[in-house]
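Notes to accompany the following structure.
What follows is the structure, encoded as structure tokens:
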């Protein structure tokens, strides 16, 4: 079963590149395409972890920035650990997103001040 890194990588890659080989060509200039494409296939299938020494190049080729890039790199690192750790990280990541959304909504409704500890002047 693919790890979450592969689940994130596949649609990003498919949207920008016609093939895995084209992605490797763009992301790993100068690397042997055959071995790069073969390893990529194993990553996407979930049989190999993300190559940490190359994922920055992959993120660059995908034009990832900000939190999306940080999440991509975190998932690459997590692909080297136990699936239970990855699952817990993803659970906490989802919970944090939900909490941020709830706080944003509360602020829009005036329930929570914009800056903790500071009230709007009345």
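Residue numbers (our numbering): 925 to 1046. The beta carbon of each residue, even a glycine, is placed where N, CA and C say it ideally should be.
- With 16 or more other Cβ atoms inside 10 Å of its own Cβ, residue 986 counts as buried.
- Rounded to whole angstroms, the gap between the alpha carbons of residue 959 and residue 1020 is 38 Å.
- Annotated as proximal: residue 1003 and residue 929, with beta-carbon spacing under 7 Å.
- DSSP, read as helix, strand or coil, puts residue 1030 in helix.
- Judged by their CB atoms, residue 944 and residue 964 are nearer to each other than the 7 Å cut-off.
- Taking 7 Å as the cut-off, the Cβ atoms of residue 968 and residue 934 count as close.
- In this structure, DSSP gives residue 952 a state outside helix and strand, which the three-state scheme calls coil.
- Counting the other CB atoms within 10 Å of its CB gives residue 979 a total of 16 or more, which places it among the buried residues.
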